[in-house]
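In what follows, a single structure is set out as structure tokens and then discussed.
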DNA sequence: CTGAAAGCGCTTACAG
DNA sequence: CTGAAAGCGCTTACAG
């Protein structure tokens, strides 16, 4: 197979120097318009493309971002959290819109992901996504910071202020979910999800939940909180524990849709009617939420906007511009599991 | 911020030449074991990483694959086909397992995606995924071929034998879906999905469907075939057309789960009971399939295996090894929309 | 407006 | 086993 054309080949064909070819292809006004167009035409005809390795090496930037999706090791290999998939879609689009390429990688939390991409000049910066145990990777973030890696992280605000975090307003989401349940006349609301600092996003949702309760002079009851990570089976288990406890409850606020769907399955199995006996609200609005039976009332995170902001913020960081952490507002999506009138 | 360490910095610290550093880091047996280890230790300590742009430029390969997901322009921007998302996950994993990086990009069919990645040396090869109108991009494949780009395409077998295609056995999927419906006593089966050569995958499913009918001496009825692309709304529309026609039918074979779910919504709206009045089978087994109401019987494609085979085949192609197109068998997943006994 | 030249950071024949 | 040197294909000061 014919080896690829280089700028020297183009120069030869155009009867100019290689430097002129390089300028013309970058559309430099330094080059005479006519020769510029002639060179561009020849390049197109010869199907010439600038060698990115060479130009990146020369300019010392890659015009590439890396997306690291950190999976909880407990997660079933085949089932990626649909929320991340949705974020992936929007990040891909936003990256392309900015003229950057996107390197995607799924990583176990345990592995040594912290450095490779930017250090090896494959990417100018990194976007981190992950629902893992926060404590497990806090020190990795410190390391990234120490290396001056450009990165932005999805999720709750970080206590180290140097870490740029972008996320949805989990506290507000917890508030509006709980307010909605209260407005439906529910008083004994169980919370399914980790509420410790190991999962700052879930914790913020829980804190918002508690705040909404207090607004109505209801004292949050720790007996009604059950740990769960964001999987269907974990939600199933947590709901079973709740049922086994024999404590009174008329609603469940699940820290994620996956948890809610697992809880739904547990309730159904025990003959509990949703929403008549127990109302449920989830979190994320993943695609399956609207197809659950009953359809799942949930807190929607605007992934479209989130992807755009993540990419924009990271690019600003790379360019040395001013950036601040940001919280994106969430929306309540009312469906049949809590609030929508029955068909 | 301190600029990144280079192999020269390491060489200086280790008191050897830069060439020796390069060799040591690639673990070349040419270098004395002791010095090799000393150099590696220093590199680690200084957090040195080989500059990929430089090494790729030098070796003329990128150790990166590109994944191009071509979206149908009619598709809603926010809703990526969940089946692709699932493929994306498995391809990412398979790529990482082979020590390659993955560049991901979503493209409109209309845009000029054909060449850029490999031509610019950003990727060694391309994986193409897409449910668009086949005719629209057939000529782009020709162009890729003409440029000697290494690529593998997901889907139906291509009539140009030089195109390496990997896909699930759509014909077999159509056969087993239809056999299952027939075994349930259904006789008048509508097919929702394009059956022309514009969508070779759907066409193969349709042909399998027809073959299964013929096995039972049933003549396929073109009146029962309705075009649809793989979206929920297209399925909704197609089912409505079917209902409006007033033709007798007791089952629907939808060319994709998304179509099936749209059809389910249309039937529900018209008061048709699924599965009692009409049974439905979809295709893909996307996550929502099991949460549909009733849960959706469907043909499962093994995306895990598919991703592995796609990546392996592409790598073989790149290395100049023998590769052949491949069809992966599909499985019937029986749920309540057709075949599973009611709870 | 154009060209000759340096240099980005590696890998790898070549010589010893 | 090790080093000096060439060269991958660009971009961009520098000189004209």
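Residue numbers (my numbering), protein chains in the order written: chain A, 52 to 394; chain B, 52 to 394. Quick reminder that beta carbons are idealized off the backbone N, C-alpha and C, glycines included.
Is there a Cβ of chain A sitting closer than 7 Å to that of residue 171(B), yes or no? Translated into positions along the second chain, residue 171(B) becomes position 120. Contact with chain A is found for residue 171(B), since one of that chain's Cβ atoms lies less than 7 Å from the residue's Cβ.
Top-ranked residue by Cα proximity to residue 348(A), from 326(A), 360(A) and 356(A): For the purposes of this step, residue 348(A) is taken as the residue at position 297 of the first chain. Closest by alpha carbon: 326(A).
Reducing DSSP to helix, strand and coil, say where residue 126(A) ends up. Taking the first chain and counting its residues from 1, one reaches residue 126(A) at position 75. Only weak support is given to the placement of residue 126(A): the predicted model assigns it a pLDDT of 47, under 50, and the value that follows is read from those uncertain coordinates. Coil, per DSSP.
Cβ-Cβ separation, residue 222(B) to residue 299(B) (assumed contact under 8 Å), whole Å: To locate residue 299(B), count along the second chain from 1; it is residue 248. To locate residue 222(B), count along the second chain from 1; it is residue 171. With 8 Å as the limit, residue 299(B) and residue 222(B) do not qualify as a contact, their Cβ atoms being about 27 Å apart.
Can you name the residues of chain B whose CB is closer than 9 Å to the CB of residue 415(A)? Since the first residue shown for chain A is 52 and the last is 394, residue 415(A) is missing from the structure and cannot be characterised.
Grouping DSSP H, G and I as helix and E and B as strand, with all else coil, what is residue 165(B)? Within the second chain, the letter at position 114 stands for residue 165(B). Note on residue 165(B): pLDDT 47, under 50, position unreliable in the model; the coordinate value appears next. Coil at residue 165(B), not helix or strand.
Near residue 232(B), which residues of its chain fall below 8 Å by C-beta distance, leaving aside the five closest residues on each side in sequence? The residue given as residue 232(B) occupies position 181 in the second chain. Within the same chain, residue 232(B) has close Cβ partners 240, 302, 304, 330, 332 and 389.
Would you say residue 59(B) lies against chain A (beta-carbon separation less than 7 Å)? On the second chain, position 8 is the one that residue 59(B) refers to. Chain A contact via Cβ: absent.
Evaluate the contact criterion for the segment 309 to 317 of chain A versus the segment 275 to 289 of chain A: three or more CB pairs, one atom per stretch, below 8 Å. Taking 8 Å as the limit for Cβ pairs, the verdict is that the segment 275 to 289 of chain A does touch the segment 309 to 317 of chain A.
Rounded straight-line distance, which links the Cα of residue 245(A) to that of residue 102(B): Locating residue 102(B) in the second chain gives position 51, where the first residue counts as 1. Locating residue 245(A) in the first chain gives position 194, where the first residue counts as 1. Looking at the two C-alpha atoms, the distance is approximately 41 Å.
Touching by the beta-carbon criterion (3+ pairs, under 8 Å), the segment 144 to 157 of chain B and the segment 335 to 352 of chain B: The answer is no - the segment 335 to 352 of chain B does not touch the segment 144 to 157 of chain B, with fewer than three Cβ pairs under 8 Å.
Any C-beta of chain B under 7 Å from that of residue 152(A): Within the first chain, the letter at position 101 stands for residue 152(A). By this cut-off, residue 152(A) is an interface position.
Counting only C-beta atoms, is residue 343(A) closer than 7 Å to chain B at any point? Taking the first residue of the first chain as position 1, residue 343(A) is located at position 292. By this cut-off, residue 343(A) is an interface position.
In angstroms, rounded to a whole number, what distance separates the CA positions of residue 271(B) and residue 250(B)? In the second chain, residue 271(B) corresponds to position 220, counting from 1. In the second chain, residue 250(B) corresponds to position 199, counting from 1. If I take the Cα positions, the gap works out to 19 Å.
Taking residue 178(A) as the query, report the chain B residues whose CB atoms sit under 7 Å from its CB, ordered along the chain. Taking the first residue of the first chain as 1, we reach residue 178(A) at position 127. In chain order: nothing, as chain B lies at least about 13 Å away.
Applying the 10 Å Cβ sphere with the 16-neighbour rule, what's the burial state of residue 80(B)? On the second chain, position 29 is the one that residue 80(B) refers to. Residue 80(B) should be labelled exposed.
Determine which residues share a DSSP beta bridge with residue 49(B) and list them. Nothing about residue 49(B) can be read from this structure; chain B reaches only from 52 to 394.
Any beta carbon of chain B sitting closer than 7 Å to that of residue 157(A)? Stepping through the first chain from its first residue, residue 157(A) is reached at position 106. Yes, residue 157(A) counts as interfacial toward chain B.
Is residue 81(B) helix, strand or coil when you go by DSSP? Translated into the one-based positions of the second chain, residue 81(B) becomes position 30. Of the three classes helix, strand and coil, the one that applies to residue 81(B) here is coil, per DSSP.
Three or more C-beta pairs below 8 Å linking the segment 354 to 365 of chain B and the segment 135 to 152 of chain B: Segments in contact, yes.
Residue 275(A) lies in the alpha helix (DSSP H); which residues open and close that run? Taking the first chain and counting its residues from 1, the one referred to as residue 275(A) is at position 224. Taken as a continuous stretch (DSSP letters only), residue 275(A) belongs to no alpha helix (DSSP H), as it is neither H nor E.
If you check the beta carbons only, do residue 177(A) and residue 119(A) fall under 7 Å apart? Against the first chain, residue 177(A) aligns to sequence position 126. Against the first chain, residue 119(A) aligns to sequence position 68. Yes, they are a contact pair.
In angstroms with no decimal places, state the Cα-to-Cα distance between residue 225(B) and residue 341(B). In the second chain, counting from the first residue as 1, residue 225(B) sits at position 174. In the second chain, counting from the first residue as 1, residue 341(B) sits at position 290. Going by the C-alpha atoms only, they are around 20 Å apart.
Mind listing the chain B neighbours of residue 321(A)? Cutoff is C-beta to C-beta under 9 Å, in chain order. Working through the first chain from its first residue, we reach residue 321(A) at position 270. Simply none; closest approach about 14 Å.
Nearest-angstrom Cα separation, counted from residue 87(A) out to residue 77(A): By one-based count along the first chain, residue 77(A) stands at place 26. By one-based count along the first chain, residue 87(A) stands at place 36. Going by the C-alpha atoms only, they are around 9 Å apart.
Would the beta-carbon of residue 368(A) fall within 7 Å of that of residue 209(A)? Against the first chain, residue 368(A) aligns to sequence position 317. Against the first chain, residue 209(A) aligns to sequence position 158. Against a cut-off of 7 Å, the Cβ pair of residue 209(A) and residue 368(A) comes out as no contact.
Beta-bridge partners of residue 157(A), as assigned by DSSP: The count along the first chain starts at 1 and reaches residue 157(A) at position 106. Residue 157(A) is bridged to 120(A).
Quick check on the burial criterion: 16 or more other C-beta atoms within 10 angstroms. Buried or exposed for residue 373(A)? As a first step, residue 373(A) must be located in the first chain, where it is residue number 322. Exposed.
Taking all protein chains shown into account, decide if residue 335(B) is buried (16 or more other Cβ within 10 angstroms of its Cβ) or exposed. Counted from its first residue, the second chain places residue 335(B) at position 284. That one is buried.
Taking 7 Å as the threshold (C-beta atoms), are residue 383(B) and residue 227(B) in contact? If you number the second chain from 1, residue 227(B) lands on position 176. If you number the second chain from 1, residue 383(B) lands on position 332. Against a cut-off of 7 Å, the Cβ pair of residue 383(B) and residue 227(B) comes out as a contact.
Which of helix, strand or coil does DSSP assign to residue 410(B)? For chain B, the structure presents residues 52 to 394; residue 410(B) sits outside this window and is missing.
Beta-carbon spacing of residue 379(B), residue 219(B) below 7 Å: In the second chain, counting from the first residue as 1, residue 379(B) sits at position 328. In the second chain, counting from the first residue as 1, residue 219(B) sits at position 168. Cβ atoms of residue 379(B) and residue 219(B): closer than 7 Å.
For the candidate residues 363(A), 58(A) and 352(A), whose alpha-carbon lies nearest to that of residue 206(A)? In the first chain, residue 206(A) corresponds to position 155, counting from 1. Comparing Cα positions, the closest option is 352(A).
For the ligand SAH, is there a heavy atom less than 6 Å away from the beta-carbon of residue 317(A)? With respect to small molecules bound, the structure shown includes none, and the ligand SAH cannot be examined in it.
Please return the same chain residues whose Cβ sits closer than 8 Å to the Cβ of residue 193(A), not counting the five positions on each side in sequence. Here residue 193(A) refers to the residue found at position 142 of the first chain. Same-chain partners within the cutoff: 211.
Where residue 75(B) falls, given that 16 or more other Cβ within 10 Å makes a residue buried: As a first step, residue 75(B) is located in the second chain; it is residue number 24 there, counting from the start. Buried, by the Cβ-count rule.
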